[in-house]
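Numbering (the working numbering) for the sequence shown: 630 to 1098. Taking it in order: structure first as structure tokens, then the write-up.
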Amino acid sequence: AEYIQYIVISDNEAPVFAENNETEFVYECGDEAAVVTPVATDNCSTITYSYVDGDIWVDGCVSGFARTWIATDACGNVSSEFVQYITFEDTTEPVLMGCPADLVLACDAEIPAPALVTAWDACDANVEVIFEEIILGEQPAEGSIADCDLITPVRPADNPCVYPYDWAMALFNMPADHKYYSVSEGNLVQYPDGSIHITATMNNVINPANGWLVDVWFQGGMTWEEWSSQAFPTGFKADCGAVGENHTEWLYYILQAGPGAELTGFGEYAGSQLNLSHAPSNNYFGFQLGNGANNYNAAENGFGGWFNYSGTFNGTSVNGAGDFAFELDCCPDYWIVRQWTATDCSGNTVTCSQTITFDSSIANEGGNGNMVTIDAPAASSQSIANVAVAPNPASDNTVFTFTTKYTGKTSLEVYDIAGAKVADVYMGVVEAGVEYKVTYNVNTLATGVYMYRLSNGEGQEIGRLIINK
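In structure tokens form, the structure reads like this:
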């Protein structure tokens, strides 16, 4: 008879997750975590996988959660838990919105308020935008409404006064060789209280090694209506046939005698001192500020007037009459760099910047009250050079590579964040279209952001140099 054995195979073993399953997953903040099913094996049957996501944890701009898997075979055997750790990191800088373009203004234009720049970040809902503004170059005198360079006027073609030289100051009672002076450097600073301060170095036109240091204050700032309606007779000065057709638009001033009205000699004039007083003494004429006001060459902007002088000249007592006659360049010699920076809570940083320069070729808009302007070299709205800096950031040496638009004198300077010049990298004459390379050692500079300015012709190129040590 048959003998039957009944063999029962039962599945009592749970699935086992493989040891080489990945346990760490990192995603960018804002992305969705993919479902990566781990691999398990079972000795007998098919496997079903399931998972549960734990609570999300947050640490600054980093967040994450644990994903716990189990594997179940067809017999209901359940594996041990397998945990995947999913992390979201922020490696992307914020996005800045509203960053303004560079701006070129007329010399007397109002400087606009800083743009409202905002930031968006996928991980940091409260990212802050930090605004900084620096002024580079020659800043105007504190509290002034205009800070103008003094220029020696050029005699007009018909030279109606028959002057033998171009001059900006004349001492008419001096010997012929000591009568006329040009200005090598000087400023006219205009203040809102109606005062003007002139400081200048005046060089003898025959022997420029000799001359005078000028330090003179003026008061008034009267309009023609105010000037002409005083209790005593007044008028305007128009020399050599000048008609003063703009005299109703000028401002009128009185020279202040005493301290602050002095000429101090240098060179062979050293030890000489002249004290100035207003002329004529009855104040019929005032010192005149405005278009054509120097009565010399109808300068688009000028300042001029008569004075009396007395004092010592090379050991001899002298007195006589004199004249100031300046052209004015009031276009700002500075430029403004505005910077907006956003840093999220993971330290990712983004920056945008705006450079504001001034160009005398742009029509004036009258934005700064009594500020006067003339056509003079200033920042150009056209690109005058191609400039590259590498490496940037720099820690040791960096190389400036530039090609200019114009043949002529070119300078490359570096300024710190406070606007002070820290280096003259290059100064010389260059050929247009020729590539130049200049190596600059940054070891003397501290870590931080600096600005460089390359000047060529009547324009300039401005950029950032970052030092990271």
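Virtual Cβ for every residue (Gly too), placed ideally from N, Cα, C.
- Take the alpha-carbon of V947 and the one of C960: they are about 38 Å apart.
- Residue range 902–907 is occupied by the beta strand (DSSP E) that includes S906.
- Counting C-beta pairs with one atom in each stretch, the segment 1016–1025 and the segment 1048–1065 have fewer than three that are closer than 8 Å, which means they do not touch.
- Residue pairing by DSSP places K1038 opposite V1058 in a beta bridge.
- In this structure E718 touches E657 by the C-beta definition: roughly 7 Å separates them, less than 8 Å.
- Inclusion of D753 and C974 in the CB contact set at 8 Å is warranted, their separation being smaller than that value.
- In the three-state reduction of the DSSP assignment, D778 falls in the strand class.
- By the Cβ test, the segment 805–821 is in contact with the segment 767–781, since at least three Cβ pairs between them sit closer than 8 Å.
- Taking C-beta atoms as the reference points, G873 and G940 fail to come closer than 8 Å.
- In this structure, Y1035 is the residue among V1043, Y1035, F936, I985 with its C-alpha nearest to the C-alpha of N1085.
- Closest option to F1029, judged by alpha-carbon separation, among T986, N977, R1082, I991: R1082.
- In terms of CA proximity to N833, W796 leads the group S692, G919, G944, W796.
- Pairing L884 with F914 gives a Cβ-Cβ distance that is not under 8 Å.
- Pairing V655 with T716, the inter-Cα distance amounts to about 5 Å.
- Each residue's CA atom was taken as its position, placing A662 and Y680 some 14 Å apart.
- Taking all protein chains shown into account, D778 has 16 or more neighbouring C-beta atoms within 10 Å of its C-beta and is therefore buried.
- Taken through DSSP and simplified to helix, strand or coil, Y635 comes out as coil.
- Relative to D682, the option among T1068, P667, W698 whose CA is nearest is W698.
- Its Cα nearest to that of G896, the residue L842 stands out among E855, F932, L842.
- Cα atoms of D640 and V664: separation of roughly 29 Å, rounded to the nearest angstrom.
- D952 sits in a strand when the DSSP states are folded into three classes.
- According to DSSP, residue pairing for I991 in a beta bridge does not occur.
- DSSP, read as helix, strand or coil, puts S811 in strand.
- Between the alpha carbons of P909 and Q859 lies a gap of roughly 16 Å.
- A check of alpha carbon separations from K1038 across C704, G1057, V1018 identifies G1057 as the nearest.
- Take A647, set aside five residues on each side of it, and the residues of its chain with a beta-carbon closer than 8 Å to its own are P667, V668, A669, T670, in chain order.
- Residues of the same chain with a CB within less than 7 Å of the CB of N926, apart from the 5 flanking positions on each side, are P782, V783, R784, P785 in chain order.
- The Cβ-Cβ distance between I1091 and W935 does not fall below 8 Å.
- In the same chain as F942, and ignoring 5 residues on each side of it, the C-beta atoms closer than 6 Å to its own belong to S901, in chain order.
- Scanning its chain for C-beta atoms nearer than 7 Å, with the 5 sequence neighbours on each side dropped, one finds around A867 the residues G873, N924, in chain order.
- The criterion of a C-beta distance shorter than 8 Å is not satisfied by E878 and G840.
- Under the three-state reduction of DSSP, E767 is assigned to coil, being neither helix nor strand.
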